[in-house]
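In our numbering, the protein residues as written are 378 to 507. Virtual Cβ for every residue (Gly too), placed ideally from N, Cα, C. The model shown is predicted, which means the values in this text are computed figures rather than measured ones. See below for the structure under consideration.
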């Protein structure tokens, strides 16, 4: 399963971005971007039992019709798990109802340990990493 690796956003206004969870569609129901973000919480880093979301690798999600556009970074340019993580993200998002296309945009924003969520730290402590 191939994904395009765009360097810029697709044209047209996004349904909404997961970076702004307070902006929602129908009251009481998650937006499609929030659903995609929740699905990515199931995608674990191949080296540690922590989701790519809790590691801080996901920088944004936009949904345009049947296409989910994910902006992500990696812990380093030499990360040995890049292909595994990409494949897992694509596979998980394609299982969402109504999703036909997944676009991955790798952004090399500096990643640091500060990007790890509280849940990510709990999981890392549980397995003795920190």
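Exercise for review: Work out the CA separation of residue 418 and residue 498 for me, nearest whole Å.
Suggested key: Translated into positions along the chain shown, residue 498 becomes position 121. Translated into positions along the chain shown, residue 418 becomes position 41. Rounded to the nearest angstrom, the two C-alpha atoms are 14 Å apart.
Review point. What are the partner residues of residue 444, as DSSP defines its beta bridges?
Key: In the chain shown, the residue the question calls residue 444 occupies position 67. Note: residue 444 sits in a beta bridge opposite 441, 478.
Practice item. Please say whether residue 432 and residue 425 have beta carbons closer to each other than 9 Å? Key: Here residue 425 refers to the residue found at position 48 of the chain shown. Here residue 432 refers to the residue found at position 55 of the chain shown. Here residue 425 is near residue 432, since their CB atoms are less than 9 Å apart.
Practice item. Would you kindly report the start and end of the unbroken alpha helix (DSSP H) that includes residue 417? Key: As a working note, residue 417 is residue 40 in the chain shown. Looking at the DSSP string, the run of the alpha helix (DSSP H) that includes residue 417 is 409-417.
**Study point:** 7 Å CB neighbourhood of residue 430 in its chain, flanking five on each side removed
**Key:** The residue labelled residue 430 in the question sits at position 53 within the chain shown. Excluding residues within five positions, the ones whose Cβ falls inside 7 Å are 414, 417, 418.
Check your understanding: From the DSSP output, which residues share a beta bridge with residue 467?
Key -> Locating residue 467 in the chain shown gives position 90, where the first residue counts as 1. Looking at the DSSP output, residue 467 bridges to nothing.
**Study point:** residue 501 beta carbon less than 9 Å from that of residue 447
**Key:** Stepping through the chain shown from its first residue, residue 447 is reached at position 70. Stepping through the chain shown from its first residue, residue 501 is reached at position 124. Not a contact, by the Cβ cut-off of 9 Å.
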